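Have a look at the structure below, then the notes.
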Amino acid sequence: MRQVVLPIIGTVAAWRTEARALAAEGIAPEHVIWHRGTAPPDLFAGDAPKGQGRSLTIPRAALAEIEAALCHSDPERFARAYRLVLRLNDGLVWGDRSDADIRRVMEQAKSVRRDIHKMHAFVRFREVPSEGRRAFAAWFEPEHHTVEAGTPFFAKRFGDMDWVIATPEITARFDGTLTFHETTAAARPPEDATEELWRTYYANIFNPARVMVRAMQSEMPKKYWKNLPEADLIPGLIRDADRRVAEMAAREAEEAPARRLAVARRMAVPERPVPTAGTLDALRAEAAACTRCPLHAPATQTVFGIGPADAEVMFVGEQPGDQEDLAGRPFVGPAGQIFDQEAEAAGLDRGRLYITNAVKHFKFAPRGKRRLHQKPNGSEIHACHTWLDQELALVKPKLIVAMGATALQALTGSGEGILKRRGQVERMEDGTPVLVTVHPSYLLRLPDPELAKAERRRFREDLEQAARLSRP
Ligand code: URA
3 MRQVVLPIIG TVAAWRTEAR ALAAEGIAPE HVIWHRGTAP PDLFAGDAPK GQGRSLTIPR
63 AALAEIEAAL CHSDPERFAR AYRLVLRLND GLVWGDRSDA DIRRVMEQAK SVRRDIHKMH
123 AFVRFREVPS EGRRAFAAWF EPEHHTVEAG TPFFAKRFGD MDWVIATPEI TARFDGTLTF
183 HETTAAARPP EDATEELWRT YYANIFNPAR VMVRAMQSEM PKKYWKNLPE ADLIPGLIRD
243 ADRRVAEMAA REAEEAPARR LAVARRMAVP ERPVPTAGTL DALRAEAAAC TRCPLHAPAT
303 QTVFGIGPAD AEVMFVGEQP GDQEDLAGRP FVGPAGQIFD QEAEAAGLDR GRLYITNAVK
363 HFKFAPRGKR RLHQKPNGSE IHACHTWLDQ ELALVKPKLI VAMGATALQA LTGSGEGILK
423 RRGQVERMED GTPVLVTVHP SYLLRLPDPE LAKAERRRFR EDLEQAARLS RP
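Each position in the sequence shown, counted from 1, maps to that position plus 2 in my numbering.
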């Protein structure tokens, strides 16, 4: 028997090298015992018989699946993969799900990809003290061996900070370069005050009327709960959801312990917009320190709304772009230029408008020196909602203009079908009219010049309608 010992770090690349070498020596799959990390004392010492050597040529699609499946926790995966590459080399057609090896590899590749997706969704960074760039740490327990495949995503997304993701087996470390190390000591982040803020925050945004146990369990299986700072609230919240819905309907506001109430005030997304600051300037100062969602970390600054406190019309965009993030003001980049031109042509005076965004931090993925815009997700929009609510409560515009699906979703709860809804006036819960239009950057992205011209004309018409609707 030939024993092959693969390293803990770089397992897949090592398997590839070993598989090629074994095939070149003509060693049959049944004569190989695969180990990862360490081999048990030489139980089957001795070598394997050699046959006809061959060089492997494997279809790229098959190799990608096989290498994904090699990250699975099944101990048989290395042997199966070696057997399969030899069979593919000998003419087996990739993709035939009636073949047990192919089917198993495809299934395992799928669970590995799902595990990577969960890592992307459920890793929670906490800031740690640092003398240089801002530094963050997270503890995560993947189901499979997904650290090396799953963490480059974070290097792209959080390329301008230092971070560590520790898992029971491997720790990924990023300081401009992503490196992997065997985890030597438990690196679970300490339970401290920040944890409590997280918990309270979670408890506050957790609307029991929206608890969908099945969806929650499929998106966030129990095994991930323990890694979330807010996790030990979840079972109780689910168990209690029905009772809390009934209570919420019936009860008067309940006294919360003073400390919890203080934290809740800071972190809660209010059910109704109750301004915590009495003026836009005070609100802007509060928002400047916002850490309600992870977007604050890589962004340069909070980009708050701008315009007079008694503006009659409030324009809401999606989120600041690269230039807005640097300037600290909304709509100053390319989308802002289109907006300015069309607003002026429509007879709107920008100085009389209040202009803001649904999300106040720039979300981006670094690509070399560039920062590529990324669409904010539902929880980021939700986390930022408190600022928009309070801007609305302070400015009390007569008309709101939602530019694009994100703004429309933040304002009306649904961003679906924006092209069908554009030009129409919808209503906020309090009756304030919301005129729907497209986002100006949509106009920048249209490749067909004729369509771009027509869409720009329609955008101007929407702004002309806004001007009409805001006249006394
Ligand atoms: N896009 C937006 O939605 N808002 C800005 O401030 C800039 C670009």
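Using N, Cα and C, we set each Cβ at its ideal position, and we do this for glycine too.
Every value quoted in this text rests on a predicted model; they were computed, and no experiment measured them.
Exercise. Would you call VAL7 buried or exposed, if buried means 16 or more other Cβ atoms sit within 10 Å of its Cβ?
Worked result: Within the sequence shown, the letter at position 5 stands for residue 7. A residue is called buried when at least 16 other Cβ atoms come within 10 angstroms of its Cβ; VAL7 does not meet this threshold and is exposed.
Exercise. Roughly how many angstroms lie between the CA atoms of THR439 and ALA409, to the nearest whole one?
Worked result: Taking the first residue of the sequence shown as 1, we reach residue 439 at position 437. Taking the first residue of the sequence shown as 1, we reach residue 409 at position 407. Cα to Cα, THR439 sits roughly 10 Å from ALA409.
Problem set entry | Backbone secondary structure at ALA15 - three-state DSSP | Taking the first residue of the sequence shown as 1, we reach residue 15 at position 13. ALA15 falls in the helix class under three-state DSSP.
Exercise. Roughly how many whole angstroms lie between the Cα atoms of GLY406 and HIS384?
Worked result: As a first step, residue 406 must be located in the sequence shown, where it is residue number 404. As a first step, residue 384 must be located in the sequence shown, where it is residue number 382. GLY406 and HIS384: Cα-Cα distance of roughly 16 Å.
Problem set entry | Per-residue burial, ALA25 [other beta carbons within 10 Å of its own, 16 or more giving buried] | The count along the sequence shown starts at 1 and reaches residue 25 at position 23. Buried.
Exercise. Can you name, in chain order, every residue of its own chain whose Cβ lies under 6 Å from the Cβ of TYR84, other than the five neighbours on each side?
Worked result: Stepping through the sequence shown from its first residue, residue 84 is reached at position 82. Excluding residues within five positions, the ones whose Cβ falls inside 6 Å are ALA21 and PRO31.
Problem set entry | Rounded separation between GLY39 and GLU184 - CA only | Residue 39 sits at position 37 when you count from the first residue of the sequence shown. Residue 184 sits at position 182 when you count from the first residue of the sequence shown. Between the C-alpha atoms of GLY39 and GLU184 there is a straight-line separation of about 10 Å.
Exercise. So the beta strand (DSSP E) PHE138 belongs to, where does it begin and stop?
Worked result: Position 136 of the sequence shown, counted from the first residue, corresponds to residue 138. Here the beta strand (DSSP E) through PHE138 covers 137 to 141.
Exercise. Tell me which same chain residues have a C-beta within less than 7 Å of the C-beta of GLY417, skipping the five on either side of it?
Worked result: Stepping through the sequence shown from its first residue, residue 417 is reached at position 415. Apart from sequence neighbours up to five positions away, the residues of its chain that approach GLY417 with a beta-carbon distance below 7 Å are ALA407, THR408, LEU410 and GLN411, ordered along the chain.
Problem set entry | Local conformation of PHE182 per DSSP, three classes | Here residue 182 refers to the residue found at position 180 when the sequence shown is read from its first residue. Strand at PHE182.
Problem set entry | Collapsed DSSP secondary structure at VAL305 in the structure displayed | In the sequence shown, counting from the first residue as 1, residue 305 sits at position 303. In the three-state reduction of the DSSP assignment, VAL305 falls in the coil class, being assigned neither a helical nor a strand state.
Exercise. Which residues mark the beginning and the end of the beta strand (DSSP E) in which HIS375 is found?
Worked result: Within the sequence shown, numbered from 1, the residue matching residue 375 stands at position 373. 372 to 375 is the span of the beta strand (DSSP E), which, as asked, contains HIS375.
Exercise. Leaving out the 5 sequence neighbours to the left and right, which residues in its chain are closer than 6 Å to MET218 when beta-carbon positions are compared?
Worked result: Mapped onto the sequence shown, residue 218 falls at position 216. Residue confidence is low: MET218 scores 49 on pLDDT, short of 50, so the model does not pin down where it sits. Its coordinate-derived value is still stated next. Closer than 6 Å at Cβ, skipping near neighbours: no residue.
Exercise. Which two residues bound the contiguous alpha helix (DSSP H) that contains TRP1?
Worked result: Lying outside 3 to 474, the shown extent of the chain, residue 1 is not represented and no answer is given.
Exercise. When we look at the beta-carbon of ARG216 and count the other beta-carbons within 10 Å, is it buried (16 or more) or exposed?
Worked result: As a first step, residue 216 must be located in the sequence shown, where it is residue number 214. Confidence at ARG216 is low in this model, with a pLDDT of 49, below 50, so the placement of that residue should be treated as unreliable; the coordinate-derived value is given next. Exposed is the call here.
For this session: Measure the CB-CB distance between PHE176 and PRO300 and report whether it falls below 8 Å.
Result: Stepping through the sequence shown from its first residue, residue 176 is reached at position 174. Stepping through the sequence shown from its first residue, residue 300 is reached at position 298. No. Outside cutoff.
Exercise. Considering only the beta carbon of each residue, do LEU437 and ALA468 sit closer than 8 Å?
Worked result: On the sequence shown, position 435 is the one that residue 437 refers to. On the sequence shown, position 466 is the one that residue 468 refers to. Closer than 8 Å, so yes.
Exercise. In the structure shown, what three-state DSSP assignment does PRO61 receive?
Worked result: Start at 1 with the first residue of the sequence shown, and residue 61 comes out as number 59. In the structure shown, PRO61 sits in coil (DSSP, three-state: anything other than H, G, I, E or B).
For this session: Could you check how far apart the C-beta atoms of ALA454 and LEU445 are, in whole angstroms? I think they sit under 8 Å.
Result: The count along the sequence shown starts at 1 and reaches residue 454 at position 452. The count along the sequence shown starts at 1 and reaches residue 445 at position 443. Contact holds; Cβ gap of about 6 Å.
For this session: Examine the Cβ distances between the segment 277 to 286 and the segment 332 to 347 and report whether three or more of them are shorter than 8 Å.
Result: Because the criterion of three Cβ pairs below 8 Å is not met, the segment 277 to 286 and the segment 332 to 347 do not touch.
Exercise. From which residue to which residue does the beta strand (DSSP E) around ARG2 run?
Worked result: What is shown of the chain runs 3 to 474, which leaves residue 2 out entirely.
Exercise. Which residues in the same chain as ILE68 place their Cβ atom closer than 7 Å to its Cβ, once the five residues preceding and following it in sequence are excluded?
Worked result: As a first step, residue 68 is located in the sequence shown; it is residue number 66 there, counting from the start. Spatial neighbours of ILE68 in its own chain (CB-CB distance under 7 Å, excluding positions within 5 residues in sequence) are listed in chain order as ALA83, LEU86, VAL87 and VAL107.
Exercise. Do you know offhand how far LEU380's Cα is from GLN426's?
Worked result: One-based indexing of the sequence shown puts residue 380 at position 378. One-based indexing of the sequence shown puts residue 426 at position 424. Here the sequence assigns Gly to residue 380, which means Leu is not the residue at that position. Take the alpha-carbon of GLY380 and the one of GLN426: they are about 24 Å apart.
For this session: Classify MET405 as helix, strand or coil using the three-state DSSP reduction.
Result: In the sequence shown, residue 405 corresponds to position 403, counting from 1. In the three-state DSSP reduction, MET405 falls in the strand class (E or B).
For this session: Rounded to whole angstroms, what's the CA-CA distance from ALA168 to HIS363? Just pull it up for me.
Result: Translated into the one-based positions of the sequence shown, residue 168 becomes position 166. Translated into the one-based positions of the sequence shown, residue 363 becomes position 361. Looking at the two C-alpha atoms, the distance is approximately 27 Å.
Problem set entry | Spatial distance of GLY330 from ALA174 (CA atoms) | Locating residue 330 in the sequence shown gives position 328, counting from the first residue. Locating residue 174 in the sequence shown gives position 172, counting from the first residue. Rounded to whole angstroms, the gap between the alpha carbons of GLY330 and ALA174 is 33 Å.
Exercise. With respect to the beta strand (DSSP E) encompassing MET108, which residues constitute its N-terminal and C-terminal limits?
Worked result: Taking the sequence shown and counting its residues from 1, one reaches residue 108 at position 106. Here MET108 belongs to no beta strand (DSSP E); instead the alpha helix (DSSP H) covers 102 to 124.
Exercise. For GLU428, which beta-bridge partners are listed by DSSP?
Worked result: The residue labelled residue 428 in the question sits at position 426 within the sequence shown. The partner list for GLU428 (beta bridge, DSSP) reads VAL436.
For this session: Could you tell me whether the segment 69 to 76 touches the segment 96 to 103, using the rule of 3 or more Cβ pairs below 8 Å?
Result: No, the segment 69 to 76 does not touch the segment 96 to 103.
Exercise. Is the closest heavy atom of the ligand URA to the C-beta of GLN321 under 7 Å?
Worked result: For the purposes of this step, residue 321 is taken as the residue at position 319 of the sequence shown. Correct: GLN321 has its Cβ closer than 7 Å to the ligand URA.
Exercise. Looking only at C-alpha atoms, which of PRO61, TRP36 and ILE29 sits nearest to GLY53?
Worked result: The count along the sequence shown starts at 1 and reaches residue 53 at position 51. Restricting attention to PRO61, TRP36 and ILE29, the CA atom closest to the CA of GLY53 is found in ILE29.
Exercise. In or out: ALA345 buried (at least 16 other Cβ within 10 Å) or exposed?
Worked result: Residue numbering aside, residue 345 sits at position 343 when the sequence shown is read from its first letter. Here ALA345 is buried. Its C-beta has 16 or more other C-beta atoms within 10 Å.
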